[in-house]
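Numbering (my numbering), first residue to last: 47 to 663.
Structure, as structure tokens:
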């Protein structure tokens, strides 16, 4: 019974995580959330369709580099410790350099916490009075304490002191990610890829100037998790105590990292049940008590200094309620509901909690009565949060002053801003690298899986896609032609146009199917000298009629102002291909992906025809 429960729990976590990652992967390949530079301060997320081809080309280039490095054995030869030192040093130096050239200054919550901390260096506790900042947001006390200590050491409200500390934390994050990877997988290649990927994550560097506990808290959280892994290996309670202290500091610095504490406790309880490791239960208790003790100790210290009691602050239910409401920024984003409600009740936690619970009940009732609205609400909320590739790393740097170089100016509001945004978007799209990883699950070596993927994307697919240059040209002309048609003309002229276009695309598709079916062997052996490619071309030949037709059909639907419908079609069919990667490849190899590709094109064709017939009626 115990094993059944454990397998069920593990399976539930796996499938929920998989579904969520599938969704994010599909969305990231076809669209992007972004912030309009003209209205940066407004923090209003907008959405745009991506060029899938560019995303795929970028992924292919990255894979090509990995194939080359693996074929030459370079990844195995790289001294990991040296690479780790270089990656950490690069991130720290780049972070410090960004602090020196960016000339940013804190606003909003950053400014408030900084000013509170400076006043505390003067033993001024004005903001600890009722209805003031620290009574509303006592969760900021840990960050304020660190800022106060730094301001006392450096003198004055020295923002850069905390930023240099953040730069060091950035380096610690890179190093700890590497150490956790090494301990879990014992793979030199995995270590190298994590270090290179972390060093290329420019968001970390840009966040250095943000006067908040995001990176510092993350460093402590990762340190706590690493020490916990050591505890699970060696079983010494001292490691559990140290892990508890580290995670406690992390949560005090940034309250959101309590999610790490929850995950670590769940891991320990799972270990206790699976391996009957009752020390793990004791470790879970230690983690919780360490955080509670540190939190209570820090609160008591500042209550003693200020002579005022620090309450529980704004109830968490107010944040939950706000996350289920519409807002000027986006669905579920900050709309001041929590702040205004708390002040209107005179900072009464119980009354505010009751109002919050009533709001949650209203939102749930609304979602229940209108499931389509609920789905749209959470779709936009999730996409606006998880599919914005910069993670607002550029947005947090919007407040700047002074003279700086043209390069820095371009980063703020010029071409380099666009370049950085696109780079981070492409970086996010690397999730599609899961195809070679899935091939490894099928039983292939890393070298063989990357080689197979390279043959598929570098030889077979380009052959199949080459004739689509004709249909793509037709599609380009179709969209404005259909969009500009008067409604009266659409009734008669559009069906005739559609018949001609579909006939041509299908004719071309079947002609190419016949050609590739008979000539696949010749193409693979005589032209590319890669016999394996012939099997892929032969299989992919069957998608030609549908692939060539779909580009034209999508253009017609877009011209009929059905872009939202085509987006959903692309999203759905992309999910089909991703399912092929995750479930079919491990069972059938690359052939499973080809089947998924064919299924996705058939579904696209069927959905497009259904919408066009429906529209005609």
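C-beta: ideal position from N, C-alpha, C; glycine also.
Could you check the C-alpha separation between residue i and residue j for me, to the nearest Å?
i           : j           : result
residue 150 : residue 510 : 51 Å
residue 236 : residue 294 : 30 Å
residue 648 : residue 556 : 14 Å
residue 303 : residue 579 : 48 Å
residue 420 : residue 412 : 8 Å
residue 339 : residue 434 : 37 Å
residue 79  : residue 321 : 44 Å
residue 218 : residue 445 : 27 Å
residue 526 : residue 520 : 11 Å
residue 626 : residue 528 : 35 Å
residue 329 : residue 344 : 22 Å
residue 89  : residue 72  : 25 Å
residue 637 : residue 608 : 33 Å
residue 547 : residue 573 : 32 Å
residue 280 : residue 228 : 16 Å
residue 398 : residue 360 : 8 Å
residue 406 : residue 370 : 7 Å
residue 274 : residue 196 : 29 Å
residue 644 : residue 431 : 32 Å
residue 567 : residue 516 : 24 Å
residue 439 : residue 154 : 16 Å
residue 140 : residue 395 : 44 Å
residue 222 : residue 134 : 10 Å
residue 245 : residue 126 : 14 Å
residue 220 : residue 640 : 37 Å
Just checking residue i against the ligand COA - is the residue's beta carbon closer than 7 Å to any of the ligand's heavy atoms?
i           : result
residue 126 : In terms of ligand content, the structure shown is empty, and the ligand COA therefore cannot be addressed.
Quick one: measure Cβ to Cβ for residue i and residue j, integer angstroms, because I've assumed they're closer than 8 Å.
i           : j           : result
residue 189 : residue 145 : Not confirmed; about 18 Å, so no contact.
residue 290 : residue 231 : That belief does not hold up - the Cβ atoms of residue 290 and residue 231 are roughly 26 Å apart, past 8 Å.
residue 234 : residue 122 : 6 Å
residue 651 : residue 601 : Incorrect: roughly 14 Å between the Cβ atoms, too far for contact.
residue 92  : residue 77  : That pair is no contact at about 11 Å.
residue 177 : residue 389 : 7 Å
residue 286 : residue 250 : Not quite, the Cβ-Cβ distance comes to about 29 Å (not below 8 Å), so this is no contact.
residue 261 : residue 272 : About 16 Å; that fails the 8 Å criterion.
residue 317 : residue 278 : 6 Å
With 16 other CB atoms within 10 Å as the buried threshold, where does residue i fall?
i           : result
residue 199 : exposed
residue 571 : exposed
residue 180 : buried
residue 646 : buried
residue 478 : Only weak support exists for where residue 478 lies, its pLDDT of 47 falling under 50; the value from the coordinates is given anyway. Under this definition residue 478 is a buried residue.
residue 308 : exposed
residue 414 : exposed
residue 156 : buried
residue 530 : exposed
residue 270 : buried
residue 604 : buried
residue 216 : buried
residue 205 : buried
residue 66  : exposed
residue 523 : exposed
residue 588 : buried
residue 542 : exposed
residue 443 : buried
residue 585 : buried
residue 263 : buried
residue 553 : exposed
Which residues does DSSP list as the beta-bridge partners of residue i?
i          : result
residue 80 : 92
Which runs of the beta strand (DSSP E) spanning at least 3 residues fall entirely within the segment 328-354, listed in chain order?
none
Can you list the alpha helix (DSSP H) stretches of 4 or more residues lying completely in the segment 402-441, in chain order?
As for any alpha helix (DSSP H) of minimum length 4 sitting wholly inside the segment 402-441, the runs are 417-432, ordered along the chain.
Could you pull out every unbroken alpha helix (DSSP H) segment of at least 4 residues lying fully inside the segment 264-305, listed in chain order?
283-299
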